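Asker: Pasting in a structure now, in structure tokens, and then I'll have a few things to ask.
Numbering (this note's numbering), first residue to last: 365 to 748.
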């Protein structure tokens with residue numbers, strides 16, 4: 365390992381410092397002139413003692429140098445206790461295998477992390493490794509992160525996940541989290557409204573609209589969602605409807621400029637989503653409701669029928685109740701996003717890569733940073 369080599373070089377420098385200093389060997393010889401001749405046994409004792417001192421001294425210096433090595437990591441998801449525990453455990457495991465190493469993780473929420481990186485990276489500063497998501501390609505194009513192809517252990521990462529981070533044949537991020545988009549719902553409320561979920565767990569678009577109107581008529585918020593600190597939650601219903609209506613090929617074409625937003629199918633989806641909005645599908649504080657707050661809104665107060673969210677919902681929900689988690693007896697259910705009339709792929713499902721980590725191009729500890737990424741990616745950690 366490079367880290368071991370680093371200590372080995374330090375150790376050798378300490379042992380050979382006297383020999384490499386200018387005139388040191390001559391001074392040693394001059395000092396012995398005229399002195400009584402040493403016996404072979406005495407010489408061996410002195411040599412042995414010198415070696416012991418050199419090893420002891422070199423070892424002490426090596427340890428002192430190691431204790432000066434601090435690996436810095438900036439991570440999002442400060443409010444997700446499970447992920448905090450996971451990454452901190454990886455840090456402690458790495459420290460155990462590298463005596464003297466200290467891994468310091470600074471925890472952020474997403475927007476403050478992005479702001480901090482925008483200030484630090486252009487200045488050639490910032491952490492050794494940091495949290496990143498696949499859509500943040502500006503870090504790659506600006507040269508702020510380095511390729512990881514020869515630095516990390518890719519045998520523990522599935523090929524499809526690695527490809528998400530590949531640009532021009534090089535891999536710039538280590539994926540840590542895969543997810544699918546789901547609709548979480550309250551089983552008790554659905555039953556209270558006299559609605560039965562179909563066997564395939566998927567309502568038609570007209571049935572879904574009817575469900576929204578029933579919930580609103582009963583004084584219950586149909587969909588707990590907001591864009592107070594993230595833009596993407598507002599696109600769950602619309603995006604998934606477009607995917608099912610268009611199918612994966614035209615869905616891709618739409619967002620790469622090859623299919624017009626004036627396409628009749630696209631217009632039909634936007635029109636349907638507007639009917640949901642007009643029917644009161646979302647909370648009145650939609651524009652200010654934050655991501656974490658929408659979870660609490662759903663399973664606590666005031667309560668809602670549904671919450672469209674990535675499967676990383678569990679990161680906030682499956683924690684102790686006194687830490688903001690959902691009640692143990694909460695009747696949680698899963699349903700598919702609604703099927704679109706004439707949909708090209710109503711069985712389609714969105715999956716992707718979320719949390720990932722990259723290494724700062726300005727880091728002085730790139731190899732150690734890679735080892736931290738590896739420490740988070742072992743089969744043992746994957747079972748946690």
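Just so it is clear, CB atoms sit at the ideal spot from N, CA and C, and this is done for glycine as well. What you are looking at is a predicted structure, and each value in this text was computed from that prediction instead of being measured.
What does the alpha-carbon distance come out to for the pair residue 515 and residue 535?
Answerer: 10 Å
Asker: Does residue 710 pass the burial test, meaning 16 or more other C-beta atoms within 10 Å, or should it be called exposed?
Answerer: Residue 710 comes out buried.
Asker: Using C-beta distances below 7 Å, list every residue in its chain close to residue 549, excluding the 5 sequence neighbours before and after it, in chain order.
Answerer: 669, 670, 697 and 699
Asker: Quick check: the Cα distance between residue 489 and residue 725, rounded to an integer number of angstroms?
Answerer: 9 Å
Asker: Count the C-beta pairs between the stretch 680-699 and the stretch 646-663 that are closer than 8 Å, then say yes if the count reaches three, no if not.
Answerer: Judged by Cβ distances under 8 Å, the stretch 680-699 makes contact with the stretch 646-663, as three or more pairs qualify.
Asker: Quick one: what's residue 724 bridged to in DSSP?
Answerer: Residue pairing by DSSP puts residue 724 in a beta bridge opposite 509.
Asker: Could you pull the DSSP bridge partners for residue 494 from this structure?
Answerer: 438 and 722
Asker: For residue 733, is the classification buried or exposed, using 16 other Cβ atoms within 10 angstroms of its Cβ as the cut-off for buried?
Answerer: buried
Asker: At the level of alpha carbons, what is the spacing between residue 584 and residue 695?
Answerer: Going by the C-alpha atoms only, they are around 16 Å apart.
Asker: Excluding sequence positions up to five away, which residues of its chain have a Cβ less than 7 Å from the Cβ of residue 610?
Answerer: Here the set comprises 618, 629 and 708.
Asker: When DSSP labels each residue in this structure, what does residue 738 get in the three-state scheme?
Answerer: helix
Asker: Expressed to the nearest angstrom, what Euclidean distance is found between the alpha-carbon atoms of residue 470 and residue 440?
Answerer: 9 Å
Asker: When DSSP labels each residue in this structure, what does residue 578 get in the three-state scheme?
Answerer: helix
Asker: Count the other CB atoms, across all protein chains shown, that sit within 10 Å of the CB of residue 530; report buried if there are 16 or more and exposed otherwise.
Answerer: exposed
Asker: Roughly how many angstroms lie between the CA atoms of residue 691 and residue 520, to the nearest whole one?
Answerer: 35 Å
Asker: Which first and last residues belong to the alpha helix (DSSP H) in which residue 657 is found?
Answerer: 655-663
Asker: Under 8 Å, do residue 477 and residue 438 count as touching if we go by C-beta distance?
Answerer: yes
Asker: Considering only the alpha carbon of each residue, which of 493, 525 and 615 lies closest to residue 434?
Answerer: 493
Asker: Between residue 533 and residue 715, which are expected to be in contact by the criterion C-beta below 8 Å, what is the C-beta distance as a whole number of angstroms?
Answerer: That pair is no contact at about 24 Å.
Asker: Which residue from 464, 509, 703 and 454 puts its Cα closest to that of residue 481?
Answerer: 509
Asker: Around the C-beta of residue 447, are 16 or more other C-beta atoms found within 10 angstroms, so that it is buried, or is it exposed?
Answerer: It is buried - the Cβ of residue 447 has at least 16 other Cβ atoms within 10 Å.
Asker: Measure the C-alpha to C-alpha separation of residue 633 and residue 574 and round it to an integer number of angstroms.
Answerer: 16 Å
Asker: Could you name the residues of the same chain whose beta carbon sits closer than 7 Å to that of residue 580, not counting the 5 residues immediately before and after it, in chain order?
Answerer: Within the same chain, 586, 643 and 644 come within 7 Å of residue 580 by CB-CB distance, once the 5 residues on both sides are set aside.
Asker: If you compare alpha carbons, which of 454, 444 and 621 is closest to residue 745?
Answerer: 454
Asker: Within a Cβ cutoff of 6 Å, which residues of the same chain sit near residue 598, ignoring the five residues on either side of it in sequence?
Answerer: So the list reads 591, once near-sequence residues are dropped.
Asker: What is the C-beta distance between residue 540 and residue 673, in whole angstroms, given that I count them as a contact (C-beta under 8 Å)?
Answerer: About 18 Å separates the beta carbons of residue 540 and residue 673, which is beyond the 8 Å limit, so they are not a contact pair.
Asker: For residue 513, I'd like the list of residues in its chain whose CB is within less than 8 Å of its CB, leaving aside the five on either flank, ordered along the chain.
Answerer: So the list reads 534 and 535, once near-sequence residues are dropped.
Asker: If you follow the beta strand (DSSP E) that residue 617 is part of, which residue opens it and which one closes it?
Answerer: Per DSSP, residue 617 belongs to no beta strand (DSSP E); it is in the alpha helix (DSSP H), 600-619.
Asker: Let's test the definition: count the other Cβ atoms within 10 Å of the Cβ of residue 395 and tell me whether it reaches 16, buried, or not, exposed.
Answerer: Residue placement at residue 395 is poorly supported in this model, since its pLDDT is 35, which falls under 50; the coordinates still yield a value, given next. The residue in question, residue 395, is exposed, as its Cβ has fewer than 16 Cβ neighbours within 10 Å.
Asker: Roughly how many whole angstroms lie between the Cα atoms of residue 712 and residue 604?
Answerer: 9 Å
Asker: Express the C-alpha separation of residue 496 and residue 463 in angstroms, rounding to a whole number.
Answerer: Note on geometry: alpha-carbon atoms of residue 463 and residue 496 lie some 28 Å from one another.
Asker: Taking all protein chains shown into account, do 16 or more other C-beta atoms lie within 10 angstroms of the C-beta of residue 404, making it buried, or fewer, making it exposed?
Answerer: Bear in mind that a pLDDT of 43 at residue 404, under 50, signals an unreliable position, so the model cannot answer this.
Asker: Per DSSP, what kind of secondary structure is residue 743 in: helix, strand or coil?
Answerer: helix
Asker: Specify, as a first and last residue, the run of the alpha helix (DSSP H) that residue 452 falls within.
Answerer: 445-461
Asker: For residue 525, which residues from the same chain have a beta carbon less than 7 Å from its beta carbon, with the 5 sequence-adjacent residues on both sides left out?
Answerer: 539, 542 and 717, listed in sequence order.
Asker: Assuming residue 623 contacts residue 614 under a Cβ cut-off of 8 Å, what Cβ separation, rounded to an integer in Å, is found between them?
Answerer: Contact holds; Cβ gap of about 5 Å.
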